[in-house]
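Accompanying notes for the structure given below.
Numbering (our numbering), first residue to last: 936 to 1323.
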């Protein structure tokens, strides 16, 4: 947490990468060399935590930080009542988020979903969540730390201070970038999910079961997650105690909606559970976007204005729609559920050409202002002092 607060992203990525590698080595040796079976995975996570602790201790010692400063100054007793209240609100928030994340599993167990549908859901969820964990989660955590840092600076300086970067500009740029990344999954994912499953798991999972359509729907869910994570990070970073409680109330309502839609769409199997996730996640985006649109920057008292500045331009959406039709046609008339290796290669070539053309069109014509804003923000953030 301290490294994230100091915007030490490079050190954090290296340390966590080393810890993940160490965990995998311990798990591999535990299973293959010592025949520990499932207990090897527990030892792997213990090794992961120990490696994180050791590396961060070495990192802060080398920077001359007294580790005592990172410990509570009054033992385990917290004298700040506001801090206790805020921690309680955040704890309740995690409970509601857990219900949102695990609600479909409760529905599966309660209504006894067929074993095949459970297996498909587990396969698709574990495969698709790799993108969320390794691509979106680090971005969300970095954005959360940056939002909080800039908001703290703006509140200390007030309207008399001058900041090199606007918090509203940052969240607008980040949301637009993550929207574009999410739209890539929505556009290409459904048409290439069959090929991915065929390459990874063979003909059984790609053709005999409904795993390919389910993975295609999950790609749409990934697009929603990309936007939700970056917008909720802003709410959590700059919201006060009242905002956190308000958001907790919405999460409670969305938990009920999630469970209700999961039950209503239960007959659709794994696809129905993913659609229920999409609905609840979209509602959370609406609340977060509304908060961002009405939030006032303490440094200049500015507001975002139109929420449309958080999302790509209409021309970009049209370009993605056209490309979606192209890859759908390629899947139907060229790929034809892995008709041959040549057909699969041609399908991939079509997708690659569409992606390259889409990227060039967006960078040169449609989203040129976004590219300029991203370049400017990178220069400012790179030159920002890394203080706690």
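Just so it is clear, CB atoms sit at the ideal spot from N, CA and C, and this is done for glycine as well.
Just so you know, these numbers come straight off a predicted model, no measurement behind them.
Asked, Found
"Roughly how many angstroms separate the alpha carbons of residue 1314 and residue 1281, rounded to a whole number?", "40 angstroms"
"Kindly indicate the opening and closing residues of the alpha helix (DSSP H) around residue 1126.", "1102–1136"
"Among the residues of its own chain, which have a CB less than 6 angstroms from the CB of residue 1305, if the five just before and after it don't count?", "1111"
"Can you check whether the CB of residue 1123 is closer than 9 angstroms to the CB of residue 1290?", "yes"
"Between the C-alpha atoms of residue 965 and residue 1278, what's the straight-line distance to the nearest angstrom?", "42 angstroms"
"How is residue 1248 classed by DSSP in three states: helix, strand or coil?", "coil"
"Do you know offhand how far residue 1116's Cα is from residue 1177's?", "32 angstroms"
"Let me know if residue 1322 comes out buried or exposed under the rule of 16 or more other beta-carbons within 10 Å of its beta-carbon.", "Residue placement at residue 1322 is flagged as unreliable, the pLDDT there being 48, under the threshold of 50; a coordinate-derived value is accordingly withheld."
"Can you grab the Cα-Cα spacing for the pair residue 1219 / residue 1047, in whole Å?", "28 angstroms"
"For residue 1307, list the residues DSSP reports as bridge partners.", "Note: residue 1307 sits in no beta bridge, so no partner."
"Alpha carbon to alpha carbon, what distance is there between residue 1082 and residue 1108?", "12 angstroms"
"Where DSSP assigns a beta bridge to residue 1231, which residues make up the other side?", "1238"
"Following the continuous alpha helix (DSSP H) through residue 1185, name the residue where it begins and the one where it ends.", "1176–1199"
"Could you work out which residue in 1154, 1133, 1062 and 1168 is closest to residue 1105 when comparing CA atoms only?", "1168"
"Residue 1150 and residue 1128 look like a contact to me (Cβ under 8 angstroms); what is the Cβ gap, rounded to whole Å?", "4 angstroms"
"What are the boundary residues of the alpha helix (DSSP H) that residue 1144 is part of?", "Looking at the DSSP string, residue 1144 is not in any alpha helix (DSSP H), and its letter there is neither H nor E."
"Would the stretch 980–992 count as touching the stretch 953–964 if we require 3 or more Cβ pairs under 8 angstroms?", "yes"
"Roughly how far, in whole angstroms, is the beta-carbon of residue 995 from the beta-carbon of residue 950, given that I think they are within contact range, below 8 angstroms?", "In fact, because the Cβ distance is near 11 angstroms, the residues do not count as touching under 8 angstroms."
"Following the continuous alpha helix (DSSP H) through residue 994, name the residue where it begins and the one where it ends.", "974–997"
"Which of the three DSSP states is assigned to residue 1204 in this structure?", "coil"
"Starting from the C-beta of residue 1265, find all residues in its chain whose C-beta is less than 6 angstroms away, skip the five residues before and the five after it, and write them out in chain order.", "1282 and 1285"
"Could you give the C-beta distance for residue 1204 and residue 1052, rounded to a whole number, given that I count them as a contact under 8 angstroms?", "4 angstroms"
"Under a Cβ-count criterion, where at least 16 other Cβ atoms within 10 Å of its own Cβ denotes burial, should residue 1208 be classed as buried or exposed?", "buried"
"Taking residue 1231 as the reference, which of 1114, 1050, 1152 and 1174 has the closest Cα?", "1174"
"Determine the contact status of residue 1224 and residue 1252, defining contact as a CB-CB distance below 9 angstroms.", "no"
"Taking the alpha-carbon positions, what's the residue 972 to residue 1198 distance?", "36 angstroms"
"In chain order, what residues of the same chain have a beta carbon less than 7 angstroms from the beta carbon of residue 1166, not counting five sequence neighbours either side?", "1110, 1220, 1223, 1224 and 1227"
"So, for residue 1162: in the same chain, excluding its five sequence neighbours on each side, which residues have a beta-carbon less than 7 angstroms away from its beta-carbon?", "1110, 1113, 1114, 1117 and 1220"
"Pull up the CB-CB distance for residue 1121 and residue 1155, whole angstroms please, since I reckon it's below 8 angstroms.", "5 angstroms"
"Could you name the residues of the same chain whose beta carbon sits closer than 6 angstroms to that of residue 948, not counting the 5 residues immediately before and after it, in chain order?", "none"
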